[in-house]
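Residue numbers (this note's numbering), protein chains in the order written: chain A, 1 to 289; chain B, 290 to 551.
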């Protein structure tokens, strides 16, 4: 049974459909990147998985359990990092670790020590005295201290400095090697591209594209960078989109075959040209522009 | 852990409420001989019956310490009701307004258990508050009043405080399952207690409004009736228990099904 299995899931807030007939699967040991603009339905989907919200229709299976019937079993085996990091403000990180541990019925002082070290957590202050980034670190440590089989992260890198962000990804990769599946929502597309094994793109509550990271950017588009003194208006050419010009340097997305592109460029005076697969961000922009 | 946390979190408000009510009760009993006589003299000057009723003075013998304590019954009742309306209205909704609900509900514990633990804590403090006031009152009567007194009305008053103020607690809890913003809901709950208190005053002053008697819990239990009859109305006890049970049940069901949106 895959760790996450959603079929025809729908959730509305009043007349607004936040999740619309969504079906997806996250397989064992997979790092699934869930991307989409604000309001696409990413956080709603995550909250449905944890029974924070009740679905209007559709089926949800998390680690083989139904959130409505077996929420305790799911939460025993799942670690969750919320995008809004709110925990008990009068508690220190140490208190929060003890509080969280007591419900997971584990005592893992070594693991906590390691998490504190990797994430560089300031354990001496109360939660309310910590910065947003430090609160995020405490929240991540609480989510991981019981070695969950499924890790759900909603914008986990928000507020983290580059070193801790890198440590977090190393830590998550280690969890993946130990057999955990990771469901990961993020706006930092470069990180999703580097870190995830598969990506789902959500728009208006619908999954509009899903594939492996390698295939995600193979969309029949090419990213072209060239240098020219020719004053030609590239935006008027067929297949050219997302044109950016900086002096003699141009950058655009070209949709068409390489033959067509070479034919198009043949009449133009060009100093240099780079043709490559687009980055995830370009693909993202293509779907949302 | 949650139980311990909730007990600690609500300890301060319990201590404040219990100490204020206990001190008020002890002061009233200590002063009952002197102040009771003074009040009786004021009554003898023919204070209008409507005004007597409004202040809960009707039918009380202020020459007796228990009669004077009967007058203070409604003020202690009002104070406990305000405390419990505030406590019950914020006990669960605080997790939503302080945005900690997602963290708490992500732990492997049933949502129902969380609600029941929180309600248990609120009930514990409700009972402890009334127990404290009752014990202080009994000790004060036996040590400060050098007379043989029938203390049974004190026990009945304690029961009346518990049933009446728990009804306000249940109303606060129910309201908080509709509006989870703590400030709004605690103000609304306390406002509701004051509205019911003023309604009771209006009913006492105007006999044409006696049909409203069933609405305000301050009309269900009165110090004068407890002191004079030595009993509580069984009907009103049942109404208080029944309505509280309904409000708590609806509140629990609503919180259990509520979407966690922060």
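Positions of the beta carbon are idealized from the N, C-alpha and C atoms, including for glycine.
None of the values given here were measured: they were computed from a predicted structure.
CA-to-CA distance, residue j to residue i, given in whole angstroms
{"i": "residue 502 (chain B)", "j": "residue 496 (chain B)", "result": "10 Å"}
{"i": "residue 321 (chain B)", "j": "residue 454 (chain B)", "result": "25 Å"}
{"i": "residue 189 (chain A)", "j": "residue 281 (chain A)", "result": "6 Å"}
{"i": "residue 67 (chain A)", "j": "residue 136 (chain A)", "result": "25 Å"}
{"i": "residue 112 (chain A)", "j": "residue 97 (chain A)", "result": "8 Å"}
{"i": "residue 515 (chain B)", "j": "residue 484 (chain B)", "result": "23 Å"}
{"i": "residue 290 (chain B)", "j": "residue 489 (chain B)", "result": "42 Å"}
{"i": "residue 201 (chain A)", "j": "residue 16 (chain A)", "result": "19 Å"}
{"i": "residue 434 (chain B)", "j": "residue 358 (chain B)", "result": "12 Å"}
{"i": "residue 28 (chain A)", "j": "residue 204 (chain A)", "result": "27 Å"}
{"i": "residue 386 (chain B)", "j": "residue 22 (chain A)", "result": "30 Å"}
{"i": "residue 5 (chain A)", "j": "residue 404 (chain B)", "result": "30 Å"}
{"i": "residue 522 (chain B)", "j": "residue 508 (chain B)", "result": "11 Å"}
{"i": "residue 445 (chain B)", "j": "residue 539 (chain B)", "result": "29 Å"}
{"i": "residue 534 (chain B)", "j": "residue 363 (chain B)", "result": "23 Å"}
{"i": "residue 240 (chain A)", "j": "residue 255 (chain A)", "result": "7 Å"}
{"i": "residue 467 (chain B)", "j": "residue 474 (chain B)", "result": "9 Å"}
{"i": "residue 284 (chain A)", "j": "residue 155 (chain A)", "result": "17 Å"}
{"i": "residue 141 (chain A)", "j": "residue 81 (chain A)", "result": "9 Å"}
{"i": "residue 146 (chain A)", "j": "residue 152 (chain A)", "result": "14 Å"}
{"i": "residue 394 (chain B)", "j": "residue 186 (chain A)", "result": "22 Å"}
{"i": "residue 306 (chain B)", "j": "residue 199 (chain A)", "result": "56 Å"}
{"i": "residue 231 (chain B)", "j": "residue 449 (chain B)", "result": "Outside the shown range of chain B (290 to 551) lies residue 231 (chain B), about which nothing can therefore be said."}
{"i": "residue 63 (chain A)", "j": "residue 78 (chain A)", "result": "9 Å"}
{"i": "residue 299 (chain B)", "j": "residue 292 (chain B)", "result": "11 Å"}
{"i": "residue 116 (chain A)", "j": "residue 131 (chain A)", "result": "16 Å"}
{"i": "residue 500 (chain B)", "j": "residue 493 (chain B)", "result": "11 Å"}
{"i": "residue 106 (chain A)", "j": "residue 295 (chain B)", "result": "22 Å"}
{"i": "residue 505 (chain B)", "j": "residue 348 (chain B)", "result": "20 Å"}
{"i": "residue 310 (chain B)", "j": "residue 74 (chain A)", "result": "46 Å"}
{"i": "residue 99 (chain A)", "j": "residue 258 (chain A)", "result": "59 Å"}
{"i": "residue 210 (chain A)", "j": "residue 276 (chain A)", "result": "21 Å"}
{"i": "residue 544 (chain B)", "j": "residue 274 (chain A)", "result": "59 Å"}
{"i": "residue 191 (chain A)", "j": "residue 184 (chain A)", "result": "11 Å"}
Extent of the continuous beta strand (DSSP E) to which residue i belongs
{"i": "residue 78 (chain A)", "result": "78-81"}
{"i": "residue 158 (chain A)", "result": "No beta strand (DSSP E) contains residue 158 (chain A), which DSSP labels as neither H nor E."}
{"i": "residue 12 (chain A)", "result": "4-13"}
{"i": "residue 21 (chain A)", "result": "16-26"}
{"i": "residue 175 (chain A)", "result": "From DSSP, residue 175 (chain A) is part of no beta strand (DSSP E) but of the alpha helix (DSSP H) over 162-177."}
{"i": "residue 273 (chain A)", "result": "270-276"}
{"i": "residue 33 (chain A)", "result": "31-35"}
{"i": "residue 201 (chain A)", "result": "198-203"}
{"i": "residue 250 (chain A)", "result": "249-255"}
Partner residues on chain A for residue i, Cβ-Cβ distance less than 8 Å
{"i": "residue 290 (chain B)", "result": "98, 99, 102, 103"}
{"i": "residue 295 (chain B)", "result": "Neighbours of residue 295 (chain B) on chain A: none; closest Cβ ~11 Å, over 8 Å."}
{"i": "residue 514 (chain B)", "result": "The contacting residues do not exist; residue 514 (chain B) stays about 45 Å from chain A at best."}
Interface residues of chain A facing residue i [CB-CB closer than 7 Å]
{"i": "residue 388 (chain B)", "result": "84, 86"}
Extent of the continuous alpha helix (DSSP H) run through residue i
{"i": "residue 104 (chain A)", "result": "93-104"}
{"i": "residue 188 (chain A)", "result": "From DSSP, residue 188 (chain A) is part of no alpha helix (DSSP H); its letter is neither H nor E."}
{"i": "residue 62 (chain A)", "result": "Looking at the DSSP string, residue 62 (chain A) is not in any alpha helix (DSSP H); the run it does join, the beta strand (DSSP E), is 57-62."}
{"i": "residue 297 (chain B)", "result": "291-298"}
{"i": "residue 366 (chain B)", "result": "354-379"}
{"i": "residue 118 (chain A)", "result": "109-119"}
{"i": "residue 459 (chain B)", "result": "441-465"}
{"i": "residue 503 (chain B)", "result": "No alpha helix (DSSP H) contains residue 503 (chain B), which DSSP labels as neither H nor E."}
{"i": "residue 514 (chain B)", "result": "512-518"}
{"i": "residue 260 (chain A)", "result": "258-265"}
{"i": "residue 489 (chain B)", "result": "471-494"}
{"i": "residue 524 (chain B)", "result": "523-546"}
{"i": "residue 126 (chain A)", "result": "Per DSSP, residue 126 (chain A) belongs to no alpha helix (DSSP H) and is neither H nor E."}
Chain-ordered neighbours of residue i on chain B, where CB pairs are closer than 7 Å
{"i": "residue 80 (chain A)", "result": "395"}
{"i": "residue 47 (chain A)", "result": "549"}
{"i": "residue 115 (chain A)", "result": "Those do not exist, as residue 115 (chain A) stays about 17 Å from chain B at its closest Cβ, beyond 7 Å."}
Residue i CB to nearest heavy atom of the ligand PLP below 7 Å
{"i": "residue 112 (chain A)", "result": "You won't find the ligand PLP in this model; it holds no ligand whatsoever."}
Contact set between residue i and chain B, taken where Cβ atoms lie within less than 8 Å
{"i": "residue 54 (chain A)", "result": "546, 548"}
Under 9 Å from the C-beta of residue i: neighbouring residues of chain B
{"i": "residue 145 (chain A)", "result": "In chain order: nothing, as chain B lies at least about 12 Å away."}
{"i": "residue 50 (chain A)", "result": "391, 394, 395, 549"}
Please name the residues in the segment 394-416 of chain B whose beta-carbon is closer than 8 Å to at least one beta-carbon of chain A, in chain order.
394, 395, 396, 397, 398, 399, 400
Residues of the segment 58-75 of chain A in Cβ contact with chain B at a cutoff of 9 Å, in chain order, please.
71, 72, 73, 74, 75
Quick one, which residues of the segment 536-551 of chain B are near chain D if we go by CB-CB under 8 Å, in chain order?
Of the chains in the structure shown, none is chain D; the protein chains are A and B.
Any C-beta of chain B within less than 9 Å: which residues of the segment 117-137 of chain A qualify?
none
Which runs of the beta strand (DSSP E) fall wholly inside the segment 212-241 of chain A and span at least 3 residues, in chain order?
221-228
Which complete alpha helix (DSSP H) runs does the segment 387-434 of chain B hold, if anything under 4 residues is left out?
390-394, 400-433
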